[in-house]
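J.: Here it is, the structure, as structure tokens.
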């Protein structure tokens, strides 16, 4: 029963790029709740926090296909090397303007920027599976099943990590945790040049 899943990970480089993508996509499940913790801690307004998370989700949904197309055209590593530093800078700016109670429009602007340059590695890892498995539909179905399982784990574990960080360290700790996952995962993913 488990043999087909082990077989796909015997493919050269597969375990490394799958693990790297898993780490890099942890922020997908962490960011919305992390934003709620930060905004509510500063403003005591769940309405404002909800507005931020809704706008962030809409922005991410809008740009995801654009980033996927760009990654296919220019290369995954090149796109991540451009987008991740911009994302992290805007994220740090977002925390800074909240910390110093800058005008709310600046919060929204930085939110739109950091959500707009978030590149999902979920799409990228599936593209890599297609490449390394040479389009073998049976193996690709198995690989996509594994990635779907990993997505579910991301969405179960990420909010727990964010909540533990925010409640035990500080409201912005969840965002920093997400940034660490993104940075480490993206660096590891970009290092997988043979796939």
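Residue numbers (our numbering): 5 to 199.
Note that the Cβ used here is the ideal one computed from N, Cα and C, for glycine as well.
As the structure is a computational prediction, the values presented were derived from the model and not from experiment.
Does the segment 89-103 come into contact with the segment 69-81, if we say contact requires no fewer than three beta-carbon pairs (one atom in each stretch) closer than 8 Å?
T.: Result no; under three Cβ-Cβ pairs closer than 8 Å.
J.: Look at the alpha carbon of residue 80 and the alpha carbon of residue 61, and state the distance between them as a whole number of angstroms.
T.: Approximately 22 Å, taken between the alpha carbons.
J.: Whose C-beta lies closer than 7 Å to the C-beta of residue 114 among residues of the same chain, with five residues either side of it excluded?
T.: Counting only Cβ-Cβ distances below 7 Å, and skipping sequence neighbours, we find 94, 97, 98 and 101.
J.: How far does the alpha helix (DSSP H) with residue 18 in it reach, from first residue to last?
T.: Its alpha helix (DSSP H) spans residues 18-28.
J.: Whole angstroms is fine: what's the gap from residue 111's alpha carbon to residue 11's?
T.: Near 47 Å, if we compare the C-alpha coordinates of residue 11 and residue 111.
J.: Do you know how far the Cα of residue 84 is from the Cα of residue 21?
T.: Rounded to the nearest angstrom, the two C-alpha atoms are 14 Å apart.
J.: Going by CA-CA distance only, name the one from 133, 15 and 157 that's closest to residue 148.
T.: It is 133.
J.: As a quick exercise: from 19, 63, 175 and 25, pick the residue whose alpha carbon is nearest that of residue 103.
T.: Nearest of 19, 63, 175 and 25 to residue 103, Cα basis: 175.
J.: What does the alpha-carbon distance come out to for the pair residue 136 and residue 17?
T.: Approximately 9 Å, taken between the alpha carbons.
J.: Below 7 Å CB to CB, which residues in the same chain sit around residue 122 once its five sequence neighbours on both sides are set aside?
T.: Cβ within range, chain order: 64 and 91.
J.: Relative to the C-alpha of residue 191, which candidate in 58, 5, 15 and 89 has its C-alpha closest?
T.: Comparing Cα-Cα distances from residue 191 to each of 58, 5, 15 and 89, the minimum goes to 89.
J.: Across the segment 49-58 and the segment 165-173, are there enough close Cβ pairs to call them in contact, namely three or more that are closer than 8 Å?
T.: Contact between the segment 49-58 and the segment 165-173 is absent, because fewer than three Cβ pairs lie under 8 Å.
J.: Nearest by alpha-carbon distance to residue 40: which of 52, 120 and 125 is it?
T.: It is 52 whose Cα lies nearest to the Cα of residue 40.
J.: Under three-state DSSP, which class holds residue 155?
T.: Helix, per DSSP.
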